[in-house]
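Step one of this worksheet: look at the structure below.
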Amino acid sequence: MPYTLCRVTGGGVVLWDYHARRLEVEADPVAREAFLRFGRDAAPGVWAIWTEPGGMRAEPRPGSRLRDGMPARMLPSPVLDRAGFLPKSCSPSGYDRVRLDGVATLLTSADGRETLEACCAAVVGWDGGRIVCPPRRRPRVWSTAEAAIRDHLLTREAEIPTSCDALLLVNAVAGTCALAEPHSRSFPPEIRQRIEALFARLTKRP
């Protein structure tokens, strides 16, 4: 059952088109119409949404667990037996065991050398000229935020080493999140602002 977690503001659903893609609403006219009604009428806040045969279901959720300056730890990814982008799943899931309140868990390759994603967000880096996204074949959740960045900003694919000090967490609910030292030390504030401005432009009501 396709699932997403989205944020609604006064301007609409943040990353609307990408949530529609994740929910696969184009494949089901009834679900598509239900999602359109949600987009027009939903109150501001965070919402969990599932599409199901013959429609969709939406439930309010608390705000994001992410906050600027939060500490980070590293653990091997719980989906290393998979390859490429994975559908987002709601709790309970294999990601529950790597989440810790107040801490961002950076999920790594089996050898601990490469950062793939975080426990509740995508991870992007900065190489001095472009935003860096993990290679597509790396196992991780398909991220609405990463997809929007790939489609609209200058990026390249490359391994993001766990030693990187230019990380930024991105998702549709929090937007962007800079971690405590040293993980986000070298991510340029102006590039972060560009990402946030992009998410604002991609917020809409249908």
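Under this note's numbering, read the sequence shown as residues 931 to 1136, first letter to last.
Even for Gly, the Cβ is constructed at its ideal location relative to N, Cα and C.
Bear in mind the structure is a predicted one, so any value in this text is a computation, not a measurement.
Assigned with DSSP and collapsed to three states, R991 falls in strand.
The straight-line gap separating the alpha-carbon atoms of P1022 and V1053 is approximately 22 angstroms.
Nearest neighbour of L1084 by Cα position, chosen from G941, N1101, I1121, turns out to be I1121. In the DSSP annotation of this structure, the continuous segment of the beta strand (DSSP E) that includes I979 starts and ends at 975–982. In the DSSP secondary-structure assignment, C1063 is bridged to E1087. CA-to-CA, the gap between V944 and S1073 works out to about 13 angstroms. Rounded to the nearest whole angstrom, the CA to CA distance from P932 to W980 is 6 angstroms. Under DSSP, L1098 takes part in a beta bridge, and its partners are V1054. The alpha carbon of G993 has as its nearest neighbour, out of W1056, C1050, D1081, V1062, the alpha carbon of C1050. Secondary structure note for A950: its alpha helix (DSSP H) is the uninterrupted segment 946–953.
Of all C-beta pairs linking the segment 1001–1019 to the segment 963–983, fewer than three are shorter than 8 angstroms, placing the two stretches out of contact. The segment 948–967 makes no contact with the segment 1108–1117, as fewer than three CB pairs between them are under 8 angstroms.
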